[in-house]
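So for the sequence shown, our numbering puts the first residue at 1; every next one is plus one.
By construction, the Cβ of each residue, glycine as well, lies at the ideal position given by its N, Cα and C atoms.
Let me begin by presenting the structure, written as structure tokens, before commenting on it.
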Amino acid sequence: GLTVTAFGFLGLALLWSLWWSVAAGGALANMGEGSLFLSFVSYFWTHQVLQNTLICITSGVIGTWWFAPSEANSWFSQALKDSSVRALTYSFGSICFGSLIVAVVQALRQLNHYARSQGEDGAILVCVIDCILGCIENIIEYLNKWAYVYVGLYGYPYLEAGKNVLTLFRSKGWTAIITDDLV
Numbered sequence: 001g002l003t004v005t006a007f008g009f010l011g012l013a014l015l016w017s018l019w020w021s022v023a024a025g026g027a028l029a030n031m032g033e034g035s036l037f038l039s040f041v042s043y044f045w046t047h048q049v050l051q052n053t054l055i056c057i058t059s060g061v062i063g064t065w066w067f068a069p070s071e072a073n074s075w076f077s078q079a080l081k082d083s084s085v086r087a088l089t090y091s092f093g094s095i096c097f098g099s100l101i102v103a104v105v106q107a108l109r110q111l112n113h114y115a116r117s118q119g120e121d122g123a124i125l126v127c128v129i130d131c132i133l134g135c136i137e138n139i140i141e142y143l144n145k146w147a148y149v150y151v152g153l154y155g156y157p158y159l160e161a162g163k164n165v166l167t168l169f170r171s172k173g174w175t176a177i178i179t180d181d182l183v
């Protein structure tokens, strides 16, 4: 059941990409930078929401399987239904909030790529900005994955889940490993 759910979310992401490409392709010629930025945010935000919703659903199912294997052993188990309902109702605000943070950074990065393709002025500055935004994006995405596991397992709000992840990393001495992994 979880595999079918994953493919369903993949199908939604594909449909969104196709629809957005057609809509944005026709409108790009008339867009200013502000509209282009908002267009990119909408695209990336939707993809992040789909991806992070699936992380929460998967975390909930795996958590149920770990603690009560009999509740997660069928094709369309009660654990999958409960995790889906939790992710799409109670935790959806947390999913959308964390997804927006990543989407804004991704949209800024995409605008930076657009600026680089438009000309040679300030090429070094554009590359430096791209590097900084890439690092920020990687750090946020890495922490988000762990935060969404907490949201899916325990139902924590996004910010509380993020704090709990950082506390876990510090208490287990994982901060050095994470730092090495991100760099």
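- Query: Using 8 Å as the Cβ pair cut-off and three pairs as the minimum, do the region 115-133 and the region 48-62 touch?
  - Reply: Flag = no, the region 115-133 and the region 48-62 do not touch.
- Message: Quick check on the burial criterion: 16 or more other C-beta atoms within 10 angstroms. Buried or exposed for residue 8?
- Response: Working through the sequence shown from its first residue, we reach residue 8 at position 8. Residue 8 is exposed by the Cβ-count criterion.
- Task: Run the CB neighbour count on residue 133, radius 10 Å, all protein chains shown included, and call it buried at 16 or more, exposed below.
- Result: The sequence position of residue 133 within the sequence shown is 133, counting from 1. So residue 133 ends up on the buried side.
- Item | CB-CB length for residue 107 against residue 53, believed under 8 Å | Along the sequence shown, one-based indexing puts residue 107 at 107. Along the sequence shown, one-based indexing puts residue 53 at 53. That pair is no contact at about 20 Å.
- How would you label residue 21, buried or exposed, when you count the other beta carbons within 10 angstroms and need 16 or more for buried? Looking up residue 21 in the sequence shown gives position 21. So residue 21 counts as exposed.
- Work out the CA separation of residue 97 and residue 117 for me, nearest whole Å. Here residue 117 refers to the residue found at position 117 of the sequence shown. Here residue 97 refers to the residue found at position 97 of the sequence shown. Here the C-alpha atom of residue 117 lies approximately 31 Å from the C-alpha atom of residue 97.
- Run through the region 32-70 for me and flag every whole alpha helix (DSSP H) of 4 or more residues, listed as ranges in chain order. Runs of the alpha helix (DSSP H) inside the region 32-70: 33-67.
- Item | Contacting residues, own chain, Cβ-Cβ under 7 Å from residue 100 (five flanking each side not counted) | Taking the first residue of the sequence shown as position 1, residue 100 is located at position 100. Around residue 100: 45.
- Own chain, CB closer than 7 Å to residue 50, minus 5 neighbours either side, in chain order: Your numbering for residue 50 matches position 50 in the sequence shown. Counting only Cβ-Cβ distances below 7 Å, and skipping sequence neighbours, we find 9, 12, 13.
- Query: With respect to the alpha helix (DSSP H) encompassing residue 172, which residues constitute its N-terminal and C-terminal limits?
  - Reply: If you number the sequence shown from 1, residue 172 lands on position 172. Taken as a continuous stretch (DSSP letters only), residue 172 belongs to no alpha helix (DSSP H), as it is neither H nor E.
- Message: Just verifying my parser: in three-state terms, what is the DSSP assignment at residue 89?
- Response: Residue 89 sits at position 89 when you count from the first residue of the sequence shown. The answer is coil: DSSP assigns residue 89 none of H, G, I, E or B.
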